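Residue numbers (this note's numbering), protein chains in the order written: chain A, 69 to 287; chain B, 69 to 287.
Note sheet for the following structure.
2 protein chains.
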Amino acid sequence: MNGREFKNAMYDGLAKLMKALANPARLEIIEMLSQGEKSVESIVNTTNLSIANASQHLQVLKQNNIVKSRKEGHYVYYSLVNDDFMALYQQISKYAISEIAELERTLNRQREDNYAMNSVSLNELEVMIQNENVLLMDVRPISEYELGHITGAISVSMKELLCCLKDFSKENEIIAYCRGPFCVLADEAVKILTENGFKVRRLDEGYPEWKINQLEKNQ
Amino acid sequence: MNGREFKNAMYDGLAKLMKALANPARLEIIEMLSQGEKSVESIVNTTNLSIANASQHLQVLKQNNIVKSRKEGHYVYYSLVNDDFMALYQQISKYAISEIAELERTLNRQREDNYAMNSVSLNELEVMIQNENVLLMDVRPISEYELGHITGAISVSMKELLCCLKDFSKENEIIAYCRGPFCVLADEAVKILTENGFKVRRLDEGYPEWKINQLEKNQ
DNA sequence: CAATTATTCAATGGATTTGTTGAATAAAAA
DNA sequence: TTTTTATTCAACAAATCCATTGAATAATTG
Numbered sequence: 069m070n071g072r073e074f075k076n077a078m079y080d081g082l083a084k085l086m087k088a089l090a091n092p093a094r095l096e097i098i099e100m101l102s103q104g105e106k107s108v109e110s111i112v113n114t115t116n117l118s119i120a121n122a123s124q125h126l127q128v129l130k131q132n133n134i135v136k137s138r139k140e141g142h143y144v145y146y147s148l149v150n151d152d153f154m155a156l157y158q159q160i161s162k163y164a165i166s167e168i169a170e171l172e173r174t175l176n177r178q179r180e181d182n183y184a185m186n187s188v189s190l191n192e193l194e195v196m197i198q199n200e201n202v203l204l205m206d207v208r209p210i211s212e213y214e215l216g217h218i219t220g221a222i223s224v225s226m227k228e229l230l231c232c233l234k235d236f237s238k239e240n241e242i243i244a245y246c247r248g249p250f251c252v253l254a255d256e257a258v259k260i261l262t263e264n265g266f267k268v269r270r271l272d273e274g275y276p277e278w279k280i281n282q283l284e285k286n287q
Numbered sequence: 069m070n071g072r073e074f075k076n077a078m079y080d081g082l083a084k085l086m087k088a089l090a091n092p093a094r095l096e097i098i099e100m101l102s103q104g105e106k107s108v109e110s111i112v113n114t115t116n117l118s119i120a121n122a123s124q125h126l127q128v129l130k131q132n133n134i135v136k137s138r139k140e141g142h143y144v145y146y147s148l149v150n151d152d153f154m155a156l157y158q159q160i161s162k163y164a165i166s167e168i169a170e171l172e173r174t175l176n177r178q179r180e181d182n183y184a185m186n187s188v189s190l191n192e193l194e195v196m197i198q199n200e201n202v203l204l205m206d207v208r209p210i211s212e213y214e215l216g217h218i219t220g221a222i223s224v225s226m227k228e229l230l231c232c233l234k235d236f237s238k239e240n241e242i243i244a245y246c247r248g249p250f251c252v253l254a255d256e257a258v259k260i261l262t263e264n265g266f267k268v269r270r271l272d273e274g275y276p277e278w279k280i281n282q283l284e285k286n287q
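Below is the structure:
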């Protein structure tokens, strides 16, 4: 193998990986799977994809070693292949959010719309939890909470938020979080709670980012 | 903007960035530019692209804020837009090399072919420089050396290697490096020097990785 | 065993990406 | 000014990607 052939092999391989990531539907699937294992059915329900289309995208991700699958009864469950890929995906989306003006604008507009301008960073959160009385609220579906959540968080799904608000004290500040910067659940939670007189902010990032942070600390 | 529109905007934007990276020719250009500024002409000379084709790929990279250009006289010089992108690219290729079996095999086969199995990591290099008498040899073209090189390295281009070997002592160990793991210059240097009786190994990574490392240390 | 359910496969046509060709620019040299 | 040189633009055909459709598969239920 000469120099040119080698280069071609390497760049073709790298480009193949990038191609697998170069599609909005697949990115949305990846973001979902970074919460934990999901069935094809649940992926179809939260994205707007047809069943066959979602399945095809999943095959592409599988062929590129990004996701793996496991069959149980009628259902096939998909998950990300390892934490290293998750870390890479975080890096990429963090870069995109901070360096691509268009994306930054979109994200900020969304945040403004949702009363969440003064969001809390992961570092701030750590300090706040040690020093103050804050209630950390995981607003993802309970199934995702059960697969893993930020230490000390309680699970309050969006459904519960809409019916059972009286349970919480209005004195402590509430920090709501969900799946990461692209996820709108926390924004909606902030909106609902603010309208009902609670002190509430959202976490800038979400559970996957926190988990990556933890993994890095333990190295 | 509702939740679905927001998601679409974010994932479309992210996918657009990935698309810009999802092409082997563009990746090779990026790798070249991570050495420093290059004219279109020099990009055409080291890649196998036609002039018009290279120019088109450069436009795609420019539209996606990955490279910037500057005109001087007849020539247009391109360079990466900032160090953050370079860090991202490093992350991506590091992931690809370590997690994609096919790429890992290709890379290792190449290294074996070139006698460079026992390569030196950046961390090892740091220790070796402090403790031992090693000669750190930058085998990239001199123009790239002049734009920046690892502290303490001397420039020995491949041309010089082929004519002026006698200048170096055979007692000290030589570490050769070039542009990074995909770059084959260091492998060729190791081959030549080994055949001539020198003690020589290659650096696992290259100048761009070293530079990123330095930037991280200074934060 | 037949019916049902969740997922995958295969085929189709429309959209996008790619490399090539040759013409158009724009700056420097003659 | 005309000519030369380096780069970009525009148009085209080939290749690839994508969503949709309907059939095929494989595990479970009746």
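Every residue, glycine too, gets a C-beta built ideally from N, C-alpha and C.
As the structure is a prediction and not an experimental result, all values here were calculated from the model.
Neighbour flag for residue i against chain B, beta carbons, 8 Å
{"i": "residue 208 of chain A", "result": "no"}
{"i": "residue 252 of chain A", "result": "yes"}
{"i": "residue 272 of chain A", "result": "no"}
{"i": "residue 154 of chain A", "result": "no"}
{"i": "residue 325 of chain A", "result": "Nothing can be reported for residue 325 of chain A, as the shown portion of chain A is limited to 69 through 287."}
{"i": "residue 213 of chain A", "result": "no"}
{"i": "residue 279 of chain A", "result": "no"}
{"i": "residue 145 of chain A", "result": "no"}
{"i": "residue 116 of chain A", "result": "yes"}
{"i": "residue 275 of chain A", "result": "no"}
Residue i: first and last residue of the uninterrupted beta strand (DSSP E) it sits in
{"i": "residue 242 of chain A", "result": "241-245"}
{"i": "residue 204 of chain A", "result": "202-206"}
{"i": "residue 140 of chain B", "result": "135-140"}
{"i": "residue 147 of chain B", "result": "143-148"}
{"i": "residue 268 of chain A", "result": "268-270"}
Residue-level contact to chain A via CB, residue i, 8 Å cutoff
{"i": "residue 92 of chain B", "result": "yes"}
{"i": "residue 247 of chain B", "result": "no"}
{"i": "residue 72 of chain B", "result": "yes"}
{"i": "residue 263 of chain B", "result": "no"}
{"i": "residue 230 of chain B", "result": "no"}
{"i": "residue 85 of chain B", "result": "yes"}
{"i": "residue 124 of chain B", "result": "no"}
{"i": "residue 81 of chain B", "result": "yes"}
{"i": "residue 205 of chain B", "result": "no"}
{"i": "residue 158 of chain B", "result": "no"}
{"i": "residue 78 of chain B", "result": "yes"}
{"i": "residue 225 of chain B", "result": "no"}
{"i": "residue 191 of chain B", "result": "no"}
{"i": "residue 167 of chain B", "result": "yes"}
Close beta carbons around residue i, own chain, < 8 Å, minus the five adjacent residues each side
{"i": "residue 237 of chain B", "result": "203"}
{"i": "residue 84 of chain A", "result": "132"}
{"i": "residue 122 of chain B", "result": "93, 97, 108, 111, 112, 115"}
{"i": "residue 229 of chain B", "result": "207, 257, 260, 261"}
Contacting residues, own chain, Cβ-Cβ under 6 Å from residue i (five flanking each side not counted)
{"i": "residue 138 of chain B", "result": "145"}
{"i": "residue 105 of chain A", "result": "145, 147"}
{"i": "residue 96 of chain A", "result": "115"}
{"i": "residue 246 of chain A", "result": "207, 208, 253, 254, 274"}
Contacts around residue i, its chain only, beta-carbon distance under 7 Å, and the 5 residues preceding and following it disregarded
{"i": "residue 153 of chain A", "result": "134"}
{"i": "residue 278 of chain B", "result": "190, 218"}
{"i": "residue 220 of chain B", "result": "197, 204"}
{"i": "residue 158 of chain A", "result": "276, 277, 280"}
{"i": "residue 201 of chain A", "result": "240"}
{"i": "residue 128 of chain A", "result": "88, 94"}
Local Cβ density within 10 Å of residue i, reported as buried at 16 or more and exposed below that
{"i": "residue 195 of chain B", "result": "exposed"}
{"i": "residue 169 of chain A", "result": "exposed"}
{"i": "residue 227 of chain A", "result": "exposed"}
{"i": "residue 125 of chain B", "result": "buried"}
{"i": "residue 109 of chain B", "result": "exposed"}
{"i": "residue 206 of chain B", "result": "buried"}
{"i": "residue 282 of chain B", "result": "exposed"}
{"i": "residue 272 of chain B", "result": "buried"}
{"i": "residue 79 of chain A", "result": "buried"}
{"i": "residue 216 of chain A", "result": "exposed"}
{"i": "residue 99 of chain A", "result": "buried"}
Range covered by the alpha helix (DSSP H) that runs through residue i
{"i": "residue 128 of chain B", "result": "119-131"}
{"i": "residue 112 of chain B", "result": "108-114"}
{"i": "residue 195 of chain A", "result": "190-199"}
{"i": "residue 101 of chain B", "result": "92-101"}
{"i": "residue 252 of chain B", "result": "Where residue 252 of chain B is concerned, there is no enclosing alpha helix (DSSP H), given that its DSSP letter is neither H nor E."}
{"i": "residue 281 of chain B", "result": "275-285"}
The ligand ATP heavy atom lying under 7 Å from the CB of residue i
{"i": "residue 128 of chain A", "result": "In the structure shown, the ligand ATP is absent, as is every other ligand, since no ligand is present at all."}
| message | Using 8 Å as the cut-off, can you tell me whether the stretch 201-213 of chain B makes contact with the stretch 172-179 of chain B, which would need three or more C-beta pairs spanning the two stretches below that distance? | response | no
| Any chance the stretch 118-130 of chain B sits against the stretch 151-164 of chain B, with 3 or more Cβ pairs inside 8 Å? | no
| task | May I ask you to verify whether the stretch 73-92 of chain A touches the stretch 91-111 of chain B, counting CB pairs closer than 8 Å and requiring at least 3? | result | yes
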